[in-house]
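Student: Below you'll find the structure I mean.
Residue numbers (the numbering used here): 289 to 492.
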């Protein structure tokens, strides 16, 4: 790998994890933050699903960009995204049916996640397949990172567990509100505030 390629790879990683994080900086893809983040296991599977779907769809669309007519570009993008999300859903149902059932319709809703379409439109259309794959993967990892932080506090305070394993003493009284969807707004808002405050200080 050349020095320029390594530098570009590092820049994409830092952008998608921190400076241009899809959730904390762009405020997109937060529907699932409300839906699945009361459980770390479900959150991890959902986040990995988004990361892989974004990576492979960006890779495929980058390969196809020279042959996609401009007039039907977005239709082709949705079809490619749908293919990978449906494939993910089939694999989850085949290998981890309990988690697939718990996630329910939210796997299918990955198709409508703005992160996938955003990376396809903003990056994959103008860059080679390898870079598009890396951009999609790191965008998904940035999304997963934020959701895991939200899920950590929601599961810990809502159930007293982490990954389903009890970690707090029996005397702990679970915070019922942390299991409810509105708590995701509060936890996510606090994270976004801290994230953007630290970024602003770093820029100074």
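Note that CB positions come from ideal geometry on N, CA and C, so glycine has one too.
Could you round the C-beta distance between residue 325 and residue 438 to whole angstroms and report it? I think they count as a contact, below 8 Å.
Tutor: The residue you call residue 325 lines up with position 37 of the chain shown. The residue you call residue 438 lines up with position 150 of the chain shown. Contact check for residue 325 and residue 438: beta-carbon distance about 4 Å, within the 8 Å limit, so the pair qualifies.
Student: DSSP beta-bridge partners for residue 449?
Tutor: What you label residue 449 is simply residue 161 of the chain shown in a count that begins at 1. DSSP output for residue 449 lists 454 as bridge partner(s).
Student: According to the neighbour-count rule (16 or more other Cβ atoms, all chains shown, within 10 Å of its Cβ), is residue 334 buried or exposed?
Tutor: Residue numbering aside, residue 334 sits at position 46 when the chain shown is read from its first letter. Per the 10 Å Cβ criterion, buried.
Student: Taking the alpha carbon of residue 487 as the point to measure from, which residue in 392, 471, 306 has its own alpha carbon closest?
Tutor: As a working note, residue 487 is residue 199 in the chain shown. Of the listed residues, the one whose Cα sits closest to residue 487 is 306.
Student: State buried or exposed for residue 484, treating a residue as buried only when at least 16 other CB atoms are found within 10 Å of its CB.
Tutor: Here residue 484 is taken as the residue at index 196 of the chain shown, counted from 1. When all chains shown are included, residue 484 counts as exposed.
Student: State the DSSP-derived secondary structure class of residue 348, mapped to helix, strand or coil.
Tutor: Start at 1 with the first residue of the chain shown, and residue 348 comes out as number 60. Residue state, collapsed to three classes: helix.
Student: If you draw a straight line from the C-alpha of residue 300 to the C-alpha of residue 458, how long is it?
Tutor: For the purposes of this step, residue 300 is taken as residue 12 along the chain shown, with counting starting at 1. For the purposes of this step, residue 458 is taken as residue 170 along the chain shown, with counting starting at 1. The C-alpha of residue 300 lies about 44 Å from the C-alpha of residue 458.
Student: Can you tell me whether DSSP reads residue 355 as helix, strand or coil?
Tutor: One-based indexing of the chain shown puts residue 355 at position 67. Residue 355: helix per DSSP, three-state reduction.
Student: By DSSP, does residue 325 sit in helix, in strand, or in coil?
Tutor: In the chain shown, residue 325 corresponds to position 37, counting from 1. Residue state, collapsed to three classes: coil.
Student: Are the beta-carbon atoms belonging to residue 424 and residue 347 less than 9 Å from one another?
Tutor: Sequence index remark: in the chain shown, residue 424 carries index 136 (1-based). Sequence index remark: in the chain shown, residue 347 carries index 59 (1-based). Yes, these two residues count as a Cβ contact at 9 Å.
Student: Let me know the alpha helix (DSSP H) ranges lying completely inside the stretch 388-420, each 4 residues or longer, listed in chain order.
Tutor: 402-410
Student: Among 462, 380, 426, which one has its Cα closest to the Cα of residue 342?
Tutor: The residue you call residue 342 lines up with position 54 of the chain shown. Checked all of 462, 380, 426; the closest Cα to residue 342 is 426.
Student: Are the stretch 406-423 and the stretch 350-364 in contact at 8 Å, needing three or more beta carbon pairs?
Tutor: yes
Student: Please report the residue range of the alpha helix (DSSP H) in which residue 481 lies.
Tutor: As a working note, residue 481 is residue 193 in the chain shown. Per DSSP, residue 481 belongs to the alpha helix (DSSP H) from 469-491.
Student: At which residues does the alpha helix (DSSP H) containing residue 362 begin and terminate?
Tutor: Locating residue 362 in the chain shown gives position 74, where the first residue counts as 1. That run of the alpha helix (DSSP H) goes 361-383.
Student: CB-CB under 6 Å to residue 380, same chain, minus the five flanking residues each way: which ones, in chain order?
Tutor: Translated into the one-based positions of the chain shown, residue 380 becomes position 92. Correct list, in chain order: 388.
Student: Compute the Euclidean distance between the alpha carbons of residue 369 and residue 375, then round it to the nearest angstrom.
Tutor: For this step, residue 369 is matched to residue 81 along the chain shown. For this step, residue 375 is matched to residue 87 along the chain shown. Residue 369 and residue 375: Cα-Cα distance of roughly 10 Å.
Student: Can you give the beta carbon distance from residue 442 to residue 472, rounded, assuming they're within the 8 Å contact cut?
Tutor: Within the chain shown, the letter at position 154 stands for residue 442. Within the chain shown, the letter at position 184 stands for residue 472. That pair is a contact at about 7 Å.
Student: Of the choices 461, 452, 489, 432, whose alpha-carbon is the least far from that of residue 476?
Tutor: One-based indexing of the chain shown puts residue 476 at position 188. Residue 476 has its Cα closest to that of 432, out of 461, 452, 489, 432.
Student: Does the distance from the CB of residue 445 to the CB of residue 338 come in under 9 Å?
Tutor: As a position in the chain shown, residue 445 is number 157, starting the count at 1. As a position in the chain shown, residue 338 is number 50, starting the count at 1. Inclusion of residue 445 and residue 338 in the CB contact set at 9 Å is not warranted, their separation being larger than that value.
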